[in-house]
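Taken in order, these protein sequences are the chains called A and B. Just so you know, the numbering used here puts 99 at position 99 of the first sequence, and the rest follows in order with no gaps. To convert, count from 1 in the second sequence and add 362; that's the numbering used here.
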Amino acid sequence: MSGIETFYDVMRRQGISRRSFLKFCSLTAAALGLEPAYAGKIAQAMETRPRTPVLWLHGLECTCCSESFIRSAHPLAKDVVLSMISLDYDDTIMTAAGHQAEAILDEITTKYKGNYILAVEGNPPLNQDGMSCIIGGKPFVEQLKRVAKDCKAIISWGSCASWGCVQAARPNPTQATPVHKVILDKPIIKVPGCPPIAEVMTAVITYMLTFDRIPELDRQGRPKMFYGQRIHDKCYRRPHFDAGQFVEEWDDEGARKGYCLYKVGCKGPTTYNACSTTRWNGGVSFPIQSGHGCIGCSEDGFWDKGSFYDRLTTVRPFGIEGNADQIGGTVAGVVGAAAAAHAAVSAIKRARHRNEEKSEEK
Amino acid sequence: MSMQKMEAVYVYEAPLRLWHWVNALSITVLALTGYFIASPLPTQPGEASANFLMGYIRFAHFTAAYVFAIGFAARIYWAFAGNHHARQLFLLPVFNPQWWREVWFESRWYLFLEREPRKYVGHNPLAQLFMFVFVTWGSIFMIFTGFALYAEGEGRDGWHDNLFGWVIPLFGQSQDVHSWHHLGMWWILSFVIIHIYVAIREDIMSRQSIVSTMISGYRMFKDERK
Ligand code: HEM
Ligand code: HEM
Ligand code: SF4
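Next up, the structure:
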């Protein structure tokens, strides 16, 4: 290992004991759903493979992804992963600042050319030449493009980087644009959520660092192991859904009994995420468990899909705004009324026609 | 196509008639259960283990959906195997100016601007146009969006997902597909309202048999004039 450190070297330097290191390896294997034998493989990989640097950029965002990340339930995982990352670049949690910080970017991008991972939190706004987000005196989009040029792969943290999120909600004044629409030539792993679950974040990054490949992705570029199922598929209130037992009002008997939140707008049936399995804050709870429906924060454009509290949400087919029943029901109503009116006119015409025929016969 | 013949003409063969009524029945079940999937019935009393109302409603929807989809596939097969009229649902003679003139004529008839309707052996051209737009494309739309939603429940990497999973990102996300699938129901229901009204109206007002034709297959004409 001439000069280049392995993950293990870095961890030891950070004061992590061998025992803690091995614990971390088995926890990671479990979190990734791998068989126990993988703990050893992870350990071996981390001891021998040169450390892959991670650069963590921040665009237009609220930093909730970082906030979630540093609260990872397994402090061990957090410490270990964080020690790998903070060594390089993450402007909100690193010690270096200003020119010193920017120098790290240059150093890593040249020294590890084609061999570092770029993690992006937030997204670049493109309107007004990108002025709405300035980093180090330049538009963020420039920094993003510069660092993305020589990276191995990109992780899009959160719904901002993955889809656009709140800053991209209609009418999107700054034209905030998700990463995959700006960087077109790199593999991109989307880890959506507002924020994503801490354990999901650490697991994704650990997977990539230890196995040196990207996890299997679905059609929309999300890791299948965490975004392969909807909240609804693993929700503990699902038996009430199937039984037809719903919370109808927020203060009713059903709410007290913990019935399904479908009728008060739960987006669990249309949201891909791991909340109902891993839960939050060390497995303490997740929105549905605390009595509120899922708002679908890891789905594309969730701010623009109407109320969080309606089952049938707003659609805007041709500039009209309303839910499917309002729009479709109106159309069908008009058609029905037209048919009735047409029937009435037909009957009158026919009666008149008959009379004429009769008088002709006479 | 105006006809002079008096005797009954065999227009709709048995498989086509069978499809028509099976299809009508499955759409009725789909629309009813679909509506209650989106706006469920009031909460059921008792323990969850003693109830399965949503489960049954969704099961009925999916069963009718399979009948509907397989029926549609069979109907496509019949367009090849059946007679000329079996193809009317899928092929519009859009390059035939005479056909467009007939569409125009039928429109005038429905706007009370023509005194006497013409005779048609198969579908009248206006009906054919409506069926093509609402039923043929409407069914395709409902099958693709429906199976894409179904694939979500069946899980990733199943055959449903492999065949129809791409529909979800096409619309944006799952919620959008739900909304469009729902609008599709109203699209088809609007056709059904017009269709049933017109079938009964023509049965009374036109110079040919209508409803009985979709039952017996024979078109009968009420007079001998052209
Ligand atoms: C004429 C045909 C059909 C009609 C009128 C119809 C109607 C509906 C309606 C109104 C909904 C509720 C949509 C919402 O969430 O707002 C629905 C849901 C659904 N439909 Fe259909 N549908 C049809 C065909 C199909 C087909 C062919 C399939 C294929 C399997 C299908 C599968 C589904 C599924 C999976 C759902 C979602 C169920 C859930 O979320 O629990 N539908 N349908
Ligand atoms: C969900 C309900 C229904 C749907 C989607 C539907 C759809 C269709 C379609 C697609 C055709 C063309 C058949 C073909 O070319 O293969 C047709 C024909 C026909 N349908 Fe329906 N139908 C429905 C209900 C009904 C009902 C309730 C009646 C009876 C009142 C009816 C009477 C007829 C008749 C008489 C024809 C033949 C029209 C002609 O001779 O030109 N339909 N229908
Ligand atoms: S609470 Fe939401 S996710 Fe849970 S079963 Fe009901 S609709 Fe599905």
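No residue lacks a Cβ here, since even glycine has one placed at the ideal position from N, Cα and C.
Give the residues of chain A in contact with residue i, contact being defined as C-beta atoms less than 9 Å apart.
i	result
B:N486	Under the 9 Å cutoff, chain A gives no residues; its nearest Cβ is about 16 Å from B:N486.
B:G417	F241, D242, A243 and G244
Using a beta-carbon distance below 8 Å, is residue i in contact with chain A?
i	result
B:P402	yes
B:R563	yes
B:Q406	yes
B:R470	no
B:N413	yes
B:A435	no
B:L525	no
B:Y559	yes
B:K367	Only weak support exists for where B:K367 lies, its pLDDT of 47 falling under 50; the coordinates are left without a value.
B:A386	no
Along the chain, where does the beta strand (DSSP E) that runs through residue i open and close?
i	result
A:I55	It is Leu, not Ile, that sits at residue 55 of chain A in the sequence shown. Per DSSP, A:L55 belongs to the beta strand (DSSP E) from V54 to H58.
A:S298	That residue, A:S298, is in no beta strand (DSSP E); it is neither H nor E in DSSP.
A:E35	Element bounds for A:E35: n/a, residue is neither H nor E.
B:I399	Careful: B:I399 lies outside any beta strand (DSSP E), inside the alpha helix (DSSP H) at A376 to A400.
A:K190	I188 to V191
A:W157	A153 to W157
A:E121	I117 to E121
Looking only at its own chain, which residues have a Cβ that is under 6 Å from the Cβ of residue i, when we skip the five neighbours before and after it?
i	result
A:H232	G268 and P269
A:M1	Because A:M1 sits at a pLDDT of 38, beneath the cut-off of 50, its placement in the model cannot be relied upon, and the point is left open.
A:W280	F286
A:F7	M46 and R51
B:V554	none
A:R222	K190
Beta-carbon of residue i versus every beta-carbon of chain B: anything under 8 Å?
i	result
A:A343	yes
A:Q245	yes
A:T278	no
A:K149	no
A:K358	no
A:K267	yes
A:G164	no
A:G296	yes
A:R350	yes
A:K224	yes
A:S346	yes
A:S17	no
Residues of chain A with a CB under 7 Å from the CB of residue i: which are they?
i	result
B:W528	R219
B:I556	V335 and A339
B:P531	R219 and Q220
With a CB to CB cut of under 7 Å and the five nearest residues on each side skipped, what residues in its chain are close to residue i?
i	result
A:L105	L55, Y89 and V147
A:G291	A255
B:R569	P479, K481, F583, K584 and D585
B:A510	F526, G527, V529, I530 and V539
A:I42	C25, T28, A29 and T210
B:V429	V384 and S388
B:L400	Reading the sequence as shown, one finds Ala at residue 400 of chain B and not Leu. Once the five neighbours on either side are set aside, the close Cβ partners of B:A400 are H544.
B:A561	I572 and V573
A:T92	H58, T63 and S66
A:A324	L312 and V315
In the DSSP assignment, find the alpha helix (DSSP H) that holds residue i and state where it starts and stops.
i	result
B:I505	W499 to E516
A:A31	R18 to A31
B:D419	What sits at residue 419 of chain B in the sequence shown is Ile, not Asp. Its alpha helix (DSSP H) spans residues L415 to A443.
A:A203	A198 to F211
B:W461	P459 to Y472
B:F589	Past the edges of chain B, shown from 363 to 588, lies residue 589 of chain B, and the structure says nothing about it.
A:I104	G98 to K111
Using C-beta distances below 8 Å, list every residue in its chain close to residue i, excluding the 5 sequence neighbours before and after it, in chain order.
i	result
B:K367	In this prediction, B:K367 has a pLDDT of 47, which is less than 50 and means its spatial position is unreliable; nothing more can be read from the coordinates.
B:G546	G500, F503, M504 and T507
A:G40	C25
Find the residues of chain B that neighbour residue i, judging by a C-beta separation of less than 7 Å, and give them in chain order.
i	result
A:V331	W548 and S552
A:K190	Within 7 Å Cβ-Cβ: nothing; A:K190 doesn't reach chain B, min ~12 Å.
A:T28	Neighbours of A:T28 on chain B: none; closest Cβ ~23 Å, over 7 Å.
A:T270	Q535, S536, Q537 and H540
List, in order along the chain, the chain B residues whose C-beta lies closer than 8 Å to that of residue i?
i	result
A:E299	Q535, S536 and Q537
A:K138	None at all; the shortest Cβ gap to chain B is about 33 Å.
Verify the contact flag: residue i, CB atom, against every heavy atom of ligand 5, threshold strictly below 7 Å.
i	result
B:N486	What this structure holds is ligand 1, ligand 2 and ligand 3, not ligand 5.
What residues of chain B sit near residue i, judged by a beta carbon separation below 9 Å?
i	result
A:T177	Going along chain B, no residue has its Cβ under 9 Å from A:T177, so there is no contact; the nearest lies around 16 Å.
Just to make sure I have the definition right: I need the residues of chain A whose C-beta is within less than 8 Å of the C-beta of residue i. Which are they?
i	result
B:L545	V315, P317, A324, I327 and G328
B:A410	P239, H240, D242, A243 and Q245
Item to complete: Can you give me, in chain order, the residues of the segment 304 to 327 of chain A that have a beta carbon less than 8 Å from any beta carbon in chain B?
Response: K305, R311, L312, T313, V315, P317, N323, A324, D325 and I327
Fill in: Residues in the segment 229 to 263 of chain A having any Cβ partner in chain B nearer than 8 Å
Q229, R230, D233, P239, H240, F241, D242, A243, G244, Q245, F246, E248, G254, Y259, Y262 and K263
Item to complete: May I ask you to list, following chain order, the residues of the segment 492 to 519 of chain B that have a beta carbon less than 8 Å from some beta carbon of chain A?
Response: E514, G515, G517 and R518
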